[in-house]
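Undergrad: This structure is in structure tokens; I'll ask about it shortly.
Okay, structure coming up:
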């Protein structure tokens, strides 16, 4: 079945450093979503990317969708302790004109040292 | 407006016991989902209900059954629990299963049920 590969699995940064997590698919995605899960919490939707080459920003977070729609990244500038958590990408593919289910990556767990 | 609620929050079962996890949403969403989350494995879809009256298997349906009781409620049943079903279970809902133009609808997750099977 389809899958999205997400790297790195863990990232430890000093507060103020930047952070990036990457997602890759071997085949063209229809769209990709990003979620954040705080420790002990539940996933919370951050954003969806649909268009080739799309770039969206939310304050210190920058989301990109590759030109070929096979990869995506989430970049956090100047991390803060509030950024701690696990970041998941979730992709879906078109099957004969119908949308498939979201398939989640395994997540990148971010820890931030004050 | 509670969003998505799940009961119970925690449960310990012995192998072979059965139980039902309850999920309800008050956002008038059409679609609902059950996921399991295991360490290092991300979220895997067990079953989903694209609309009231329909249910379909996801990635890991074996050992589970579901019921879409009405538009608000979607339950997950373990008929004979196994240690491999020890996990955190999340229910989610979305306005519609899939959108137009290649988009999806964002999913709203409940707080989760932490299940241990001994």
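Chains as they are written, first to last, in this note's numbering: chain A, 723 to 836; chain B, 488 to 605. Where a beta carbon is used, it is the ideal one built from N, C-alpha and C, also for glycine. Computed from a predicted model, the values in this text were never measured in an experiment.
Please state whether DSSP places residue 808 of chain A in a helix, a strand or coil.
TA: On the first chain, residue 808 of chain A is found 86 positions in, with the first residue counted as 1. In the displayed model, residue 808 of chain A falls within a strand according to three-state DSSP.
Undergrad: Is the beta carbon of residue 582 of chain B less than 8 Å from the beta carbon of residue 558 of chain B?
TA: Within the second chain, the letter at position 95 stands for residue 582 of chain B. Within the second chain, the letter at position 71 stands for residue 558 of chain B. No; because the gap between Cβ atoms is not below 8 Å, this pair is not in contact.
Undergrad: With a cut-off of 8 Å, does the C-beta of residue 796 of chain A fall near any C-beta of chain B?
TA: Along the first chain, one-based indexing puts residue 796 of chain A at 74. No, residue 796 of chain A lies away from the interface with chain B (no Cβ there is under 8 Å from its Cβ).
Undergrad: Who does residue 813 of chain A pair with in a DSSP beta bridge?
TA: Along the first chain, read from residue 1 onward, the residue named residue 813 of chain A stands at position 91. Note: residue 813 of chain A sits in a beta bridge opposite A/754 and A/825.
Undergrad: Rounding to the nearest angstrom, what Cα-Cα distance links residue 746 of chain A and residue 726 of chain A in this structure?
TA: As a first step, residue 746 of chain A is located in the first chain; it is residue number 24 there, counting from the start. As a first step, residue 726 of chain A is located in the first chain; it is residue number 4 there, counting from the start. Their Cα atoms are separated by approximately 5 Å.
Undergrad: If you count every other CB in all the chains shown that lies within 10 Å of the CB of residue 821 of chain A, and 16 or more means buried, which is it?
TA: Along the first chain, one-based indexing puts residue 821 of chain A at 99. The residue in question, residue 821 of chain A, is buried, as its Cβ has 16 or more Cβ neighbours within 10 Å.
Undergrad: Measuring straight from C-alpha to C-alpha, what distance separates residue 599 of chain B and residue 831 of chain A?
TA: Taking the second chain and counting its residues from 1, one reaches residue 599 of chain B at position 112. Taking the first chain and counting its residues from 1, one reaches residue 831 of chain A at position 109. One C-alpha to the other measures close to 19 Å.
Undergrad: What is the DSSP secondary structure of residue 570 of chain B, reduced to helix, strand or coil?
TA: Along the second chain, read from residue 1 onward, the residue named residue 570 of chain B stands at position 83. Helix.
Undergrad: Measuring only the C-alpha atoms, how far is residue 552 of chain B from residue 564 of chain B?
TA: As a first step, residue 552 of chain B must be located in the second chain, where it is residue number 65. As a first step, residue 564 of chain B must be located in the second chain, where it is residue number 77. Each residue's alpha carbon lies about 5 Å from the other.
Undergrad: Taking CB distances under 8 Å as the criterion, tell me whether residue 827 of chain A reaches chain B.
TA: Here residue 827 of chain A corresponds to residue number 105 of the first chain, with the count starting at 1. True, the Cβ-Cβ gap to chain B drops below 8 Å.
Undergrad: Note down the Cα distance separating residue 498 of chain B from residue 773 of chain A, rounded to an integer number of angstroms.
TA: As a working mapping, residue 498 of chain B is identified with position 11 in the second chain. As a working mapping, residue 773 of chain A is identified with position 51 in the first chain. Distance between the alpha carbons of residue 498 of chain B and residue 773 of chain A: 42 Å.
Undergrad: Anything in the segment 499-530 of chain B with a Cβ closer than 9 Å to a Cβ of chain A? List those residues in chain order, please.
TA: 520, 522, 524, 527, 528, 529 and 530
Undergrad: Leaving out the 5 sequence neighbours to the left and right, which residues in its chain are closer than 7 Å to residue 815 of chain A when beta-carbon positions are compared?
TA: Taking the first chain and counting its residues from 1, one reaches residue 815 of chain A at position 93. Hits under 7 Å: 724, 749, 751, 752 and 822.
Undergrad: To the nearest angstrom, how far is the alpha carbon of residue 757 of chain A from that of residue 501 of chain B?
TA: Taking the first chain and counting its residues from 1, one reaches residue 757 of chain A at position 35. Taking the second chain and counting its residues from 1, one reaches residue 501 of chain B at position 14. Between the alpha carbons of residue 757 of chain A and residue 501 of chain B lies a gap of roughly 33 Å.
Undergrad: Quick one: what's residue 579 of chain B bridged to in DSSP?
TA: By one-based count along the second chain, residue 579 of chain B stands at place 92. Bridge partners of residue 579 of chain B: B/520 and B/596.
Undergrad: Between A/770, A/819, A/804 and A/789, which has its C-alpha nearest residue 813 of chain A's C-alpha?
TA: Here residue 813 of chain A refers to the residue found at position 91 of the first chain. If we check each option's Cα against that of residue 813 of chain A, A/770 comes out closest.
Undergrad: Roughly how many angstroms lie between the CA atoms of residue 506 of chain B and residue 495 of chain B, to the nearest whole one?
TA: Against the second chain, residue 506 of chain B aligns to sequence position 19. Against the second chain, residue 495 of chain B aligns to sequence position 8. Cα to Cα, the separation comes out at about 10 Å.
Undergrad: Quick one: which chain B residues come within Cβ less than 8 Å of residue 753 of chain A?
TA: Numbered from its first residue, the first chain carries residue 753 of chain A at position 31. Those are 589, 590 and 591, listed as they occur along chain B.
Undergrad: Ignore the nearest five residues each way along the sequence and tell me which others in residue 561 of chain B's own chain have a CB closer than 6 Å to its CB.
TA: Taking the second chain and counting its residues from 1, one reaches residue 561 of chain B at position 74. Taken in chain order, the residues that qualify are 510, 519, 536 and 555.
Undergrad: What number of angstroms, rounded off, separates the C-alpha of residue 490 of chain B from the C-alpha of residue 516 of chain B?
TA: Taking the second chain and counting its residues from 1, the one referred to as residue 490 of chain B is at position 3. Taking the second chain and counting its residues from 1, the one referred to as residue 516 of chain B is at position 29. When rounded, the distance between both Cα atoms is 10 Å.
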